[in-house]
Amino acid sequence: MDKQVVAIKKKISKLTEQLLYIQQECLHENVVGEMKGDTGNWCQQDDSYWISADCQDCGKHLHIDSKKERDLYRKYSMSGMIK
Ligand SMILES: [Zn+2]
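As structure tokens, this is what we get:
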């Protein structure tokens, strides 16, 4: 592989690592997003609700499922940050 390419790849992985670290540490308290849902299924148990949002601080995309992450879902849905 080209030397320059190797150097770029090294930088990318280092930066990706740094970004992941920031995103892990972030509390995602400044998000913009919306409530989504898949309803009207034949079986009502298949209906699902989730929040799709992006953290304005760390840039992470958040997908919060109402069933899997109940507390978090409630917190965000009442935060006023979600449309
Ligand atoms: Zn965040």
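No gaps in the numbering here: position 13 of the sequence shown is 1 in our numbering, and each next residue is one more. For glycine and all other residues, C-beta sits at the position ideal for the given N, C-alpha and C. Note that the structure is predicted; figures quoted are calculated from it, not measured.
Secondary structure of CYS15, DSSP reduced to three states: Note on residue identity: the sequence assigns Leu, not Cys, to residue 15. Coil.
Taking 6 Å as the cut-off, is the C-beta of LYS48 nearer than that to any heavy atom in ligand 1? Yes, the Cβ of LYS48 comes within 6 Å of a heavy atom of ligand 1.
ARG58 versus SER65 - alpha carbon distance: Going by C-alpha positions, ARG58 is about 10 Å away from SER65.
Take ILE10 and list the residues in its own chain whose beta-carbon comes closer than 8 Å to its own, dropping the five residues that flank it on each side. Only CYS46 meet the Cβ criterion.
Using a threshold of 7 Å, state whether the C-beta atoms of GLY25 and TYR37 are closer than that. Note that the C-beta distance between GLY25 and TYR37 is below 7 Å.
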